[in-house]
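Residue numbers (this note's numbering), protein chains in the order written: chain A, 1 to 199; chain B, 1 to 199.
The C-beta atom is built at its ideal place from N, Cα and C for all residues, glycine as well.
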DNA sequence: ACGAATCGATACGAACCGTTTCGTTTACTG
DNA sequence: CAGTAAACGAAACGGTTCGTATCGATTCGT
């Protein structure tokens with residue numbers, strides 16, 4: 001094997017790769033998305049534009065990869081929600097934290113950019129679901145299943161549906177800016193979900 | 001007054017305006033949104049590009065106006081939901097219809113384009129809420145209020161929240177393509193909402 | 001020291017945006 | 001019917017961005 005291979009230049013590759021992804025995150029977080037151009041990313045990363053196009057086919061793909069790398073940093077330690085046994089308290093904690101996250105301008109711009117790309121690109125949407133959305137949903141579902149087994153949710157409850165009812169209103173309110181994302185709002189979503197799917 | 005005014009050229013204006021809006025709708029409905037350019041709209045409408053820029057400041061605004069004109073055609077006859085007295089049946093009818101609407105490819109592309117523009121343009125989002133979303137929401141809320149007065153919903157129920165719980169999951173599932181928009185799914189959203197906000 | 005992989009930089013064509021310009025058509029007026 | 005002014009279609013233009021092509025320099029293993 002060793003005589004089949006040339007020199008290993010993977011360290012260089014990795015360094016420029018990280019520089020590109022870091023620069024992309026910084027740019028998307030700090031300016032309006034329209035101002036994030038491939039050339040700006042290349043300049044910020046101290047990299048030639050072609051080095052970006054050698055790895056990703058489009059700007060969308062770069063932005064997505066930049067976001068994806070974030071969640072893969074926290075690898076191994078698979079996502080898990082708090083489970084104190086008190087479902088209502090646990091969910092309110094999570095929903096309040098999610099609402100606060102959306103209020104952060106940098107995060108806001110990042111996720112808006114991602115959603116805009118996703119809305120018109122089915123392939124990217126599928127990758128988003130598989131690599132970013134699914135793991136989180138599974139973690140939430142695991143928490144609900146635990147509650148269901150403890151008799152805190154109806155035994156026949158559709159947990160996927162419950163998750164949607166819990167989270168989708170928050171997401172929509174954020175995306176359309178149709179109302180404030182307060183802690184009280186987060187709480188009321190938990191309350192409604194528990195009324196709908198409680199025992 | 002009459003001697004103060006020159007000739008009235010409003011008929012020409014109106015004709016080209018309609019041609020532009022119609023062409024925009026056709027283009028957005030039939031191709032991917034990236035392929036809809038202002039020049040393509042002008043060509044399809046048989047109109048100079050400048051005639052478009054005389055009226056609207058950007059492509060986003062044109063696309064939005066094209067959509068808005070649709071709902072203003074059905075003017076006067078303000079939106080109203082069926083009210084047979086059977087809340088569950090009425091809501092399931094509406095939610096099933098909404099789910100079907102999203103399944104239409106032309107409508108799908110149109111609304112995706114709108115959402116992509118809205119996601120990164122707060123001003124456009126505000127106009128969207130005011131002119132398109134609000135009237136529909138008010139109609140739905142009126143139906144819920146009628147049910148509330150009939151004792152079919154909890155007297156203290158937050159109707160805005162109930163609407164979000166009812167509709168947001170469908171919207172999110174469509175936007176992220178995270179599942180099929182079946183009649184059974186529409187029904188289960190109504191069921192969940194009624195469990196959460198019923199008496 | 002040498003060769004191969006990778007790189008940064010730069011020039012380029014194509015597409016699109018939004019502006020400007022210009023000669024023409026349209027609708028009304030006297 | 002001739003004159004006027006608003007609105008128009010067409011076309012050219014500068015500016016920006018995308019994605020590609022090219023090339024000499026740098027990095028790494030041998």
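Item, Value
"Of the residues that make up the segment 107 to 138 of chain A, which ones have a beta carbon closer than 8 Å to any beta carbon in chain B?", "112, 113, 115, 116, 118, 119, 120, 122, 125, 126, 128, 129, 133"
"Is it right to say residue 107 of chain B is buried, meaning 16 or more other beta carbons lie within 10 angstroms of its own, or is it exposed?", "exposed"
"Just the Cα atoms here: how many angstroms apart are residue 116 of chain A and residue 172 of chain A?", "14 Å"
"Between B:94, B:111, B:46, which has its C-alpha nearest residue 64 of chain B's C-alpha?", "B:111"
"Skipping 5 residues on each side, what residues in its chain have a beta carbon closer than 8 Å to that of residue 132 of chain B?", "67, 68, 71"
"Let's see if you can read the secondary structure: which residues bound the alpha helix (DSSP H) around residue 92 of chain B?", "87 to 103"
"Can the beta-carbon of residue 193 of chain B be found closer than 8 Å to that of residue 166 of chain B?", "yes"
"Grouping DSSP H, G and I as helix and E and B as strand, with all else coil, what is residue 193 of chain B?", "helix"
"Looking at chain A, is there any beta carbon in it that lies within less than 8 Å of the beta carbon of residue 96 of chain B?", "no"
"Is the beta carbon of residue 102 of chain A less than 8 Å from the beta carbon of residue 56 of chain A?", "no"
"Measure the Cβ-Cβ separation of residue 162 of chain B and residue 189 of chain B and say whether it is below 8 Å.", "no"
"For the candidate residues B:32, B:146, B:187, whose alpha-carbon lies nearest to that of residue 82 of chain B?", "B:146"
"In three-state DSSP terms, what is residue 113 of chain B?", "helix"
"Could you list the residues in the segment 181 to 198 of chain B with a C-beta less than 9 Å from some C-beta on chain A, going in chain order?", "185, 188, 189, 191, 192, 193, 194, 195, 196, 197, 198"
"To which residues of the same chain is residue 136 of chain B closer than 8 Å at the C-beta, ignoring the five residues directly before and after it?", "79"
"Can you list, in chain order, the residues of the segment 14 to 37 of chain B whose Cβ is nearer than 8 Å to any Cβ on chain A?", "32, 33, 34"
"Counting only the same chain and skipping the five closest in sequence on each side, list residues whose C-beta sits under 8 Å from that of residue 121 of chain A.", "60"
"For residue 15 of chain B, which three-state DSSP category applies?", "helix"
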